[in-house]
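K.L.:
Dumping the structure here so I can ask a few things about it.
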Amino acid sequence: MGITEIYQEYKKMQSYHISNFVPEIEKLTAVVITKNEEKNIAKCLNSLSFVDEIIVVDSGSTDKTLDIVKTYKDIVLIQTEWFGFVENKRIGINRATHDWILWIDADEEVPKELANEWITRIHQGTFHETGAIDFPRKTFFLGHWVKHSGWYPGKVIRFFHKKRAYLSDNILHEGVIPKTGYVVEHFQTDLLHYSYTSMYQYFDKMNKYGYAGAREIARKKKIAFFPQILLQPIWTFFKFYILKKGFLDGRIGIIICMGAAFSNFIKYANYFFLKKYQYVDLNEKK
Numbered sequence: 001m002g003i004t005e006i007y008q009e010y011k012k013m014q015s016y017h018i019s020n021f022v023p024e025i026e027k028l029t030a031v032v033i034t035k036n037e038e039k040n041i042a043k044c045l046n047s048l049s050f051v052d053e054i055i056v057v058d059s060g061s062t063d064k065t066l067d068i069v070k071t072y073k074d075i076v077l078i079q080t081e082w083f084g085f086v087e088n089k090r091i092g093i094n095r096a097t098h099d100w101i102l103w104i105d106a107d108e109e110v111p112k113e114l115a116n117e118w119i120t121r122i123h124q125g126t127f128h129e130t131g132a133i134d135f136p137r138k139t140f141f142l143g144h145w146v147k148h149s150g151w152y153p154g155k156v157i158r159f160f161h162k163k164r165a166y167l168s169d170n171i172l173h174e175g176v177i178p179k180t181g182y183v184v185e186h187f188q189t190d191l192l193h194y195s196y197t198s199m200y201q202y203f204d205k206m207n208k209y210g211y212a213g214a215r216e217i218a219r220k221k222k223i224a225f226f227p228q229i230l231l232q233p234i235w236t237f238f239k240f241y242i243l244k245k246g247f248l249d250g251r252i253g254i255i256i257c258m259g260a261a262f263s264n265f266i267k268y269a270n271y272f273f274l275k276k277y278q279y280v281d282l283n284e285k286k
């Protein structure tokens, strides 16, 4: 090869851009649904500095939630009615610019270690077969980390590719389901969940969960028998307090396990009442 040919090859190599060799980094959209979350929303949003886009879907906050959200630049704020956990999340997902979604609740926080897991993994290249990613969640009750009672590690899927996975239609405990051919990848770092700050808040939520559970039984047309109104709460307390070692959580463990049993009682009480009297809560969106 002569000097002229070598020079031409050199000029050709200079014209190559590094982007021709490095795969494009996939971007991430975080979706947060809110209603009266002034105590939590700033901590949540501050932990999302590593994402490329943040969408907040608010369903009628009357406290300072919206004022706080508006202090953050470049956040997409959607104000809408309350259609349910799944539907309101879908509103945000449908507005997302990017395919990768981080669904996070307003009372949750992404620690730097979990953010770094995402950053490291996404820079390794495309997730060819990954539809979703799960990780453990560390939940706090009245400021105390609940290590047992069925609450930890409590793995949850929160990162997912919107073309490779979808939200379930469950009224209660909605989740992400990968499509056929895609797998769930596992991260190691805990998501932080500051769930309940008062006893009233906890039992109020258990009451609402009970009603949602009754609607879920009716929606899925499950078979339920009246003795379950007694047997299911007893079994629930035994499972979480004994089998899931709730007794190791001390007094908080008793409260949590009794709350779970109460929620199950409310579920079957509501179901049989709904079934017999065709009762409809006028405050519930159809």
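Residues in the sequence shown are numbered consecutively from 1, following full-length UniProt numbering. C-beta: ideal position from N, C-alpha, C; glycine also.
For residue 28, name the three-state secondary structure that DSSP assigns.
P.N.:
Here residue 28 sits in strand by DSSP.
K.L.:
Taking residue 59 and residue 80 to be in contact with their CB atoms under 8 Å, please state how far apart those CB atoms are, rounded to whole angstroms.
P.N.:
The Cβ separation is near 6 Å, so the contact holds.
K.L.:
What residue range does the alpha helix (DSSP H) around residue 148 cover?
P.N.:
Run containing residue 148: none; DSSP gives neither H nor E here.
K.L.:
So is residue 234 buried or exposed if we call it buried at 16+ other beta carbons inside 10 Å?
P.N.:
The residue in question, residue 234, is exposed, as its Cβ has fewer than 16 Cβ neighbours within 10 Å.
K.L.:
On the criterion of 16 or more Cβ atoms from any shown chain inside 10 Å, does residue 285 qualify as buried, or is it exposed?
P.N.:
Residue confidence is low: residue 285 scores 47 on pLDDT, short of 50, so the model does not pin down where it sits. No coordinate-derived value is stated.
K.L.:
Quick one: Cα of residue 287 to Cα of residue 186, how far?
P.N.:
Here the chain covers residues 1 to 286 and nothing more, so residue 287 does not appear.
K.L.:
Looking only at its own chain, which residues have a Cβ that is under 7 Å from the Cβ of residue 163, when we skip the five neighbours before and after it?
P.N.:
Answer for residue 163: 99, listed in chain order.
K.L.:
Who are the Cβ neighbours of residue 137 in its own chain at under 6 Å, not counting the five residues just before and after it?
P.N.:
For residue 137, where only same-chain residues beyond five positions count, the Cβ hits under 6 Å are 154, 156, 191 and 193.
K.L.:
Identify which residue in 197, 72, 229 and 51 has its Cα closest to the Cα of residue 142.
P.N.:
Among 197, 72, 229 and 51, the Cα nearest to that of residue 142 is on 197.
K.L.:
Exposed or buried, residue 109, counting other C-beta atoms within 10 Å across all chains shown (16 or more means buried)?
P.N.:
Burial call: buried.
K.L.:
Would you kindly work out how many angstroms separate the C-alpha atoms of residue 71 and residue 89, rounded to a whole number?
P.N.:
Whole-angstrom Cα-Cα distance: 22 Å.
K.L.:
Report buried or exposed for residue 209, applying the criterion of at least 16 other Cβ atoms within 10 angstroms of its Cβ.
P.N.:
Residue 209 is buried by the Cβ-count criterion.
K.L.:
Could you give the first and the last residue of the continuous beta strand (DSSP E) run that contains residue 153?
P.N.:
No beta strand (DSSP E) contains residue 153, which DSSP labels as neither H nor E.
K.L.:
Under 7 Å Cβ to Cβ from residue 214, same chain only, skipping five residues before and after it: list those, please.
P.N.:
So the qualifying residues of the chain are 267, 270, 271 and 274.
K.L.:
Which complete alpha helix (DSSP H) runs does the stretch 212–283 hold, if anything under 4 residues is left out?
P.N.:
Qualifying alpha helix (DSSP H) stretches, in chain order: 228–238 and 250–277.
K.L.:
Whole angstroms are fine: how far does the CA of residue 152 sit from the CA of residue 241?
P.N.:
Roughly 13 Å separates the two Cα atoms.
K.L.:
In this structure, does DSSP put residue 129 in helix, strand or coil?
P.N.:
DSSP places residue 129 in coil when its eight states are reduced to three.
K.L.:
For residue 180 and residue 169, I'd like the C-alpha separation in whole angstroms.
P.N.:
The alpha-carbon atoms of residue 180 and residue 169 are separated by roughly 17 Å.
K.L.:
Between residue 47 and the rest of its own chain, which residues show a CB-CB distance below 6 Å, the 5 nearest in sequence each way excluded?
P.N.:
Correct list, in chain order: 109 and 110.
K.L.:
Taking C-beta to C-beta, are residue 225 and residue 257 nearer than 9 Å?
P.N.:
Cβ distance not < 9 Å, so residue 225 and residue 257 don't count as in contact.
K.L.:
Can you tell me whether DSSP reads residue 48 as helix, strand or coil?
P.N.:
Reduced to three states, the DSSP call for residue 48 is coil.
K.L.:
Could you give the DSSP three-state label for residue 172: helix, strand or coil?
P.N.:
Three-state DSSP puts residue 172 in coil, outside helix and strand.
K.L.:
According to DSSP, is residue 82 helix, strand or coil?
P.N.:
DSSP places residue 82 in coil when its eight states are reduced to three.
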